[in-house]
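The opening residue of the sequence shown carries number 1 in UniProt numbering; numbering runs sequentially from there.
See below for the structure under consideration.
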Amino acid sequence: MAAKDSNQLPPRSGASPPPEEAIRQQLGKILISPQFVGSLNLQNFLRFIVEKTLAGGGAEIKGYTVATQVLGRKADFDPNLDPIVRIMAGRLRRALEQYYQVQGQSDAVIIDVPRGAYVPVFCSSSRQEDAGEVTLKILKEQIWALPPGPSVAVMPLRNLTGDRKQEFFADGLAEEITNELARYQDLRVIAFQSTLYWKGKEHDVREVGRDLNVRFLVEGSIRKAARTVKIAINVIDTLNGLRLWGEQYHRELRADSLIALQEEIALQVAARIGSLYGIIPQTLSRESRKKPPDSLKTYEAFLHFYHHVTILSPQTFAETLKVLERAVTRDPDSGLAWSLLAFVYSQSYSLQLAPLESPLEQSLVAAQKGAALEPENQLARVALANVYFFRNDRELFLSEAETALALNPNAPTPIGFLGWLLALLGDWERGLTILEKGMALNPHFPGWFRMAPFFYYYLQDSCEEAYQEALAFRMPQLFWDPLLRAAVLGRLGREGEGAQALAELLHLKPDFPTGARFLISCYAKFPYLVEGLLDGLRLVGLKT
């Protein structure tokens, strides 16, 4: 059947669209690919918009149409309340991108769904061009259409062992690093198959960055000596070619543990690079803090939040609140922005960094919006669990915490935070085990992680151990820092040092004596722990 309106098949770069028969054949190939065969919703979504466009009905493809005719929503569907179409469209675009980077590298017809609409476009790929150049062209078109955010690609690792049989190990490790980085949902990670174009070729990292539209490259090499392997990994900034981070890993090379070795190294590398306090967020955070707040893009607002939670001062709170409220106004469909705003509102409640009206209620509303917009975003689920923690809703907290942990059990800061909350709720063994895993994966964790082990030791009357945790807190702008030191010093009988710590506490929080019990109970969930901390503070002079 001929298309009713040729404008419904918009070509790229002035080229003629492929014949309808070729488009339908390509659609059939895509629908049986691994990226689609496991999802009936994705198959139906793509089939519907392609057939509708070929039939001349491209103008009728709207979010409401897709929701009611493809995704089973009722006639009263409201896209402002239910983000299902936006979520599925994002998954569809990612599935198409992955298909053309793997199975469809040499396909003659390209089906794409540009961001901002649901109408597909079709174009032909010239068979006369060099296959590698065609692949690179396709990759550029797709990658430049990806959403903004920190971007990274893992280059093929150089095999310097002199043994060609080790190529599979080098490529497998690079792909495993790519997969682990992709689990960090605020990173834009280019598929490893995209960088294979440069394998064995001399390249300028700045040119590769421009070609792939990525800011950061992960490069490295493997060397072999007897039964050991040396793996070198570096992170390069493609703006200037500078090496930002590097690490070397020496491991025994055994045939029966190659996959486990790849997984171990990949997990550690991804955590040091992409986690909340990894090298990429740290680099971008330093840059964003030099820009005026009004000029910040949504992701840069996220970076302000990441910086704030390492300090937790009234000043950084006020700046971050302002930046995130602007972010959700500018980008109301950003689930992550709403989720981070929920964290900030909850800090107004639990830390009283600045007075807000009904901060816990505002936090719940923002966290629920964030989780509805991005239900598979780990930080969105963590934000909701955090609100339920402060609302003392143990059942809902545990449900959200388990969901969040399952989304990425190797993301250092989210799992560390959840372990921290679990421990504060009294699940000491499991909570501290998860917390310790998060701390081990990335040593740049926030000092307030130390509160949970401090509470554990304080309850055991292991005051020397508790004091060491208090010293490691190291957040002098936050009143909990001197509070922990003062309480345990009182228990240790070191009243002079404890009185000095109490003076620091009262300097940071002059009204602490009147609100002490509430502030402590926000995190210390057991009355006997609250009383124990207050007793320690009274021993060094606190009057409540």
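Quick reminder that beta carbons are idealized off the backbone N, C-alpha and C, glycines included.
Nearest candidate by alpha-carbon position, reference residue i, set the options
i: residue 221; options: 160, 179, 269; result: 160
i: residue 98; options: 194, 519, 354; result: 194
i: residue 205; options: 406, 331, 408, 239; result: 239
i: residue 24; options: 48, 37, 42, 178; result: 48
i: residue 58; options: 287, 229, 157, 120; result: 120
i: residue 179; options: 362, 30, 262, 45; result: 262
i: residue 545; options: 481, 183, 230; result: The requested residue 545 does not occur in the structure, where the chain is confined to residues 1 to 544.
i: residue 313; options: 477, 440, 495, 271; result: 477
i: residue 389; options: 383, 397, 382; result: 397
i: residue 456; options: 163, 158, 529; result: 529
i: residue 411; options: 503, 384, 441, 174; result: 441
i: residue 471; options: 459, 460, 487; result: 487
i: residue 102; options: 340, 516, 192; result: 192
i: residue 267; options: 326, 279, 173; result: 173
i: residue 272; options: 235, 224, 151; result: 235
i: residue 87; options: 18, 256, 75, 71; result: 71
i: residue 364; options: 353, 162, 392; result: 392
i: residue 81; options: 372, 521, 522, 198; result: 372
i: residue 31; options: 100, 77, 53; result: 100
i: residue 345; options: 332, 331, 318; result: 318
i: residue 427; options: 225, 75, 39, 524; result: 524
Residue(s) in a DSSP beta bridge with residue i
i: residue 216; result: 152, 237
i: residue 111; result: 122
i: residue 230; result: 223, 250
i: residue 242; result: 237
Extent of the continuous alpha helix (DSSP H) run through residue i
i: residue 481; result: 480 to 491
i: residue 21; result: 20 to 31
i: residue 475; result: Segment: none, residue 475 is in no alpha helix (DSSP H) and carries neither H nor E.
i: residue 343; result: 335 to 350
i: residue 392; result: Element bounds for residue 392: n/a, residue is neither H nor E.
i: residue 54; result: 40 to 54
i: residue 517; result: 512 to 521
i: residue 87; result: 84 to 101
i: residue 376; result: From DSSP, residue 376 is part of no alpha helix (DSSP H); its letter is neither H nor E.
i: residue 203; result: Run containing residue 203: none; DSSP gives neither H nor E here.
i: residue 34; result: 34 to 37
i: residue 568; result: No information on residue 568 is available, as it lies outside the stretch 1 to 544 that the chain covers here.
i: residue 453; result: 451 to 459
i: residue 417; result: 412 to 424
i: residue 196; result: Per DSSP, residue 196 belongs to no alpha helix (DSSP H) and is neither H nor E.
i: residue 508; result: 495 to 508
Backbone secondary structure at residue i - three-state DSSP
i: residue 146; result: Caution is warranted here: a pLDDT of 38 is assigned to residue 146, below 50, making its placement in the model unreliable, and the coordinate value is therefore given only provisionally. Three-state DSSP puts residue 146 in coil, outside helix and strand.
i: residue 159; result: strand
i: residue 67; result: helix
i: residue 247; result: strand
i: residue 221; result: strand
i: residue 584; result: No answer is possible for residue 584: the residues shown for the chain start at 1 and end at 544.
i: residue 537; result: helix
i: residue 324; result: helix
i: residue 184; result: coil
i: residue 444; result: coil
i: residue 358; result: coil
i: residue 286; result: helix
i: residue 404; result: helix
i: residue 172; result: helix
i: residue 544; result: coil
i: residue 332; result: coil
i: residue 560; result: Residue 560 lies beyond the residue range present for the chain, which begins at 1 and ends at 544; the question has no answer from this structure.
i: residue 525; result: coil
i: residue 73; result: coil
i: residue 385; result: helix
i: residue 311; result: coil
i: residue 369; result: helix
i: residue 104; result: coil
i: residue 281; result: helix
i: residue 427; result: coil
i: residue 165; result: helix
i: residue 399; result: helix
i: residue 364; result: helix
i: residue 432; result: helix
i: residue 78; result: coil
Cβ pair count under 8 angstroms reaching 3, the stretch 398 to 409 against the stretch 351 to 359
no
Is the stretch 412 to 428 touching the stretch 245 to 254 in the sense that three or more CB pairs, one from each, lie closer than 8 angstroms?
no
Can we say the stretch 333 to 340 touches the stretch 374 to 382, given the rule of at least three CB pairs closer than 8 angstroms?
yes
Three CB pairs or more closer than 8 angstroms across the stretch 449 to 468 and the stretch 313 to 327:
no
Segment contact, 8 angstroms Cβ cut-off, at least three pairs: the stretch 28 to 35 with the stretch 85 to 93
no
Is there contact between the stretch 513 to 528 and the stretch 490 to 499, where contact requires at least three CB pairs shorter than 8 angstroms?
no
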